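With the numbering used here applied, the sequence shown corresponds to residues 3 to 271, in that order.
The block underneath contains the structure these notes are about, expressed in structure tokens.
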Amino acid sequence: MAPGSVKKTARDAQSHPAVRALARGGYVAMGLVHLLLSTLVITVALGGSSEQTSQSGAFTALAEAPFGIILVWVIAALLAVLGAHQLADGLVVRGSDEPDRWRRRITSWGRGVVYLILAVLAAAIALGARPNSEQSAEEASEGVLSLFAGPIVLGILGIGILIAGVAYAGVGVTRGFQKKMSYPGGGLGMTVTVLGIVGYVAKGLALAVVGILVVIAAVTTDPDAAGGLDEAIHSLLALPAGPALVIGVGTGFAAYGLFCFFRARYADL
């Protein structure tokens with residue numbers, strides 16, 4: 003298929019009213035997941051127990067609720083459509099020059115891949131899988147460390163995750179999330195902006211801690227030092243004023259969840 007035909011097909015699919023509606027539903031699904039994640043994180047900060055403070059933990063908690071399996075399947079489907087929409091968006095992106103277009107493409111494709119991974123994770127949990135994010139991260143780190151120059155590769159990966167976390171927080175501080183949204187005026191617009199800033203900074207902080215843990219695992223060649231979001235939360239909890247810091251992160255996740263609900267309404271799709 004010619005490149006022009008691929009772009010036309012992507013543009014037609016992306017602009018279809020039903021696809022747009024389902025993609026907006028994907029943002030609602032993201033909001034629900036982050037509100038559940040916020041509950042798990044704050045519960046741990048207050049001294050309660052939670053098996054996993056991660057997206058997989060949120061999906062698992064939802065799946066174990068009455069009729070939760072159905073809702074997890076719905077979330078998986080909506081996230082899959084949102085991911086496909088972002089991949090298509092990367093194909094038809096416009097920009098002032100070629101470097102700008104490629105920057106937009108990579109951003110859209112990156113988001114699309116993340117949404118699709120979450121969709122697969124949700125579907126797996128709906129089918130009965132119960133993944134452990136911390137164990138998975140440790141096993142993946144062990145596999146990388148066993149390769150030639152494995153510590154270097156793992157270190158580069160950790161630095162990349164750390165940079166991504168800083169960039170994520172930067173999007174919040176600079177209000178970069180506003181670029182693809184049509185904002186309401188007045189107090190409501192300000193509320194959406196504040197939720198976006200707080201949410202992006204909190205997610206960036208959590209991601210940066212994950213990156214630091216991976217770097218530590220590379221430096222010490224100890225895969226047990228690595229971990230996912232669950233390990234990052236417990237690492238923050240061990241710091242001075244850790245519970246307050248983790249409550250702040252959990253509150254940030256809740257802010258991001260609420261922001262996603264508004265994003266479903268005001269995103270430019």
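We put the beta carbon where it would ideally sit given N, CA and C, even for glycine.
Predicted, not measured: the structure shown is a model, and the values here were computed from it.
Legend entry - C-beta atoms of residue 183 and residue 268 nearer than 7 Å: Translated into positions along the sequence shown, residue 183 becomes position 181. Translated into positions along the sequence shown, residue 268 becomes position 266. Yes, Cβ-Cβ distance for residue 183 and residue 268 is below 7 Å.
Inset, instruction - Over the uninterrupted alpha helix (DSSP H) stretch that includes residue 32, give me the two end residues. - result: Position 30 of the sequence shown holds residue 32. Residue 32 -> alpha helix (DSSP H) spans 19-47.
Legend entry - Status (buried if at least 16 other CB within 10 Å, exposed otherwise) for residue 205: Counted from its first residue, the sequence shown places residue 205 at position 203. Classification for residue 205: buried.
Inset, instruction - Sort out for me which residues DSSP pairs residue 183 with in a bridge. - result: For the purposes of this step, residue 183 is taken as residue 181 along the sequence shown, with counting starting at 1. According to DSSP, residue 183 bridges with 269.
Inset, instruction - Please confirm whether residue 257 and residue 29 have their CB atoms less than 7 Å apart. - result: For the purposes of this step, residue 257 is identified with residue 255 of the sequence shown, where counting begins at 1. For the purposes of this step, residue 29 is identified with residue 27 of the sequence shown, where counting begins at 1. It is not a contact, given that the beta carbons lie outside the stated cut-off.
Inset, instruction - For the segment 18-32 and the segment 217-236, state whether three or more C-beta atom pairs, one from each stretch, are separated by less than 8 Å. - result: Flag = no, the segment 18-32 and the segment 217-236 do not touch.
Legend entry - Given 8 Å, three or more beta-carbon pairs between the segment 31-50 and the segment 238-249: yes
Inset, instruction - Determine the contact status of residue 232 and residue 41, defining contact as a CB-CB distance below 7 Å. - result: Working through the sequence shown from its first residue, we reach residue 232 at position 230. Working through the sequence shown from its first residue, we reach residue 41 at position 39. No, they are not a contact pair.
Legend entry - Cβ neighbours of residue 33 in the same chain (closer than 6 Å, five flanking residues each side left out): Taking the first residue of the sequence shown as position 1, residue 33 is located at position 31. Counting only Cβ-Cβ distances below 6 Å, and skipping sequence neighbours, we find 259, 262 and 263.
Legend entry - DSSP state of residue 264 mapped onto helix, strand, coil: Numbered from 1 along the sequence shown, position 262 holds the residue referred to as residue 264. The answer is helix: DSSP assigns residue 264 an H, G or I state.
Legend entry - Start-end ranges of the alpha helix (DSSP H) lying completely within the segment 193-236, minimum 4 residues: none
Legend entry - residue 85 versus residue 121 - alpha carbon distance: Here residue 85 refers to the residue found at position 83 of the sequence shown. Here residue 121 refers to the residue found at position 119 of the sequence shown. Rounded to the nearest angstrom, the two C-alpha atoms are 8 Å apart.
Legend entry - CA-to-CA distance, residue 162 to residue 156, given in whole angstroms: The residue you call residue 156 lines up with position 154 of the sequence shown. The residue you call residue 162 lines up with position 160 of the sequence shown. If you take the alpha carbons of residue 156 and residue 162, they lie about 10 Å apart.
Inset, instruction - Use the C-beta contact count for residue 270: other C-beta atoms within 10 angstroms, 16 or more gives buried, fewer gives exposed. - result: Position 268 of the sequence shown, counting from 1, holds the residue named residue 270. It is exposed - the Cβ of residue 270 has fewer than 16 other Cβ atoms within 10 Å.
Legend entry - CA-to-CA distance, residue 198 to residue 73, given in whole angstroms: In the sequence shown, the residue the question calls residue 73 occupies position 71. In the sequence shown, the residue the question calls residue 198 occupies position 196. Roughly 25 Å separates the two Cα atoms.
Inset, instruction - Excluding the 5 residues preceding and the 5 following residue 170 in the sequence, name in chain order all residues of the same chain whose CB lies nearer than 7 Å to its CB. - result: One-based indexing of the sequence shown puts residue 170 at position 168. For residue 170, where only same-chain residues beyond five positions count, the Cβ hits under 7 Å are 202, 205, 206 and 209.
Inset, instruction - Please say whether residue 154 and residue 62 have beta carbons closer to each other than 7 Å? - result: As a working mapping, residue 62 is identified with position 60 in the sequence shown. As a working mapping, residue 154 is identified with position 152 in the sequence shown. Not closer than 7 Å, so no.
Inset, instruction - Out of 165, 177 and 71, state which residue places its alpha-carbon closest to the alpha-carbon of residue 214. - result: For the purposes of this step, residue 214 is identified with residue 212 of the sequence shown, where counting begins at 1. It is 165 whose Cα lies nearest to the Cα of residue 214.
Legend entry - Distance CB(residue 223)-CB(residue 147) smaller than 7 Å: Position 221 of the sequence shown holds residue 223. Position 145 of the sequence shown holds residue 147. For residue 223 and residue 147, yes; Cβs fall inside 7 Å.
Legend entry - Contact check, residue 93 vs residue 31, beta carbons under 7 Å: Translated into the one-based positions of the sequence shown, residue 93 becomes position 91. Translated into the one-based positions of the sequence shown, residue 31 becomes position 29. It is not a contact, given that the beta carbons lie outside the stated cut-off.
Inset, instruction - On a CA-only basis, which of 124, 167, 138 and 25 is nearest residue 225? Give me that one, please. - result: Counting from 1 along the sequence shown, the entry for residue 225 is found at position 223. That would be 138, whose Cα lies nearest to the Cα of residue 225.
Legend entry - C-beta contact flag for residue 77 and residue 125 at 7 Å: Walking along the sequence shown from the start, residue 77 turns up at place 75. Walking along the sequence shown from the start, residue 125 turns up at place 123. No; because the gap between Cβ atoms is not below 7 Å, this pair is not in contact.
Inset, instruction - Spatial neighbours of residue 253 within its chain, please: CB distance less than 8 Å, with the 5 preceding and 5 following residues excluded, ordered by chain position. - result: Taking the first residue of the sequence shown as position 1, residue 253 is located at position 251. Result list for residue 253: 40, 44, 200 and 204, in chain order.
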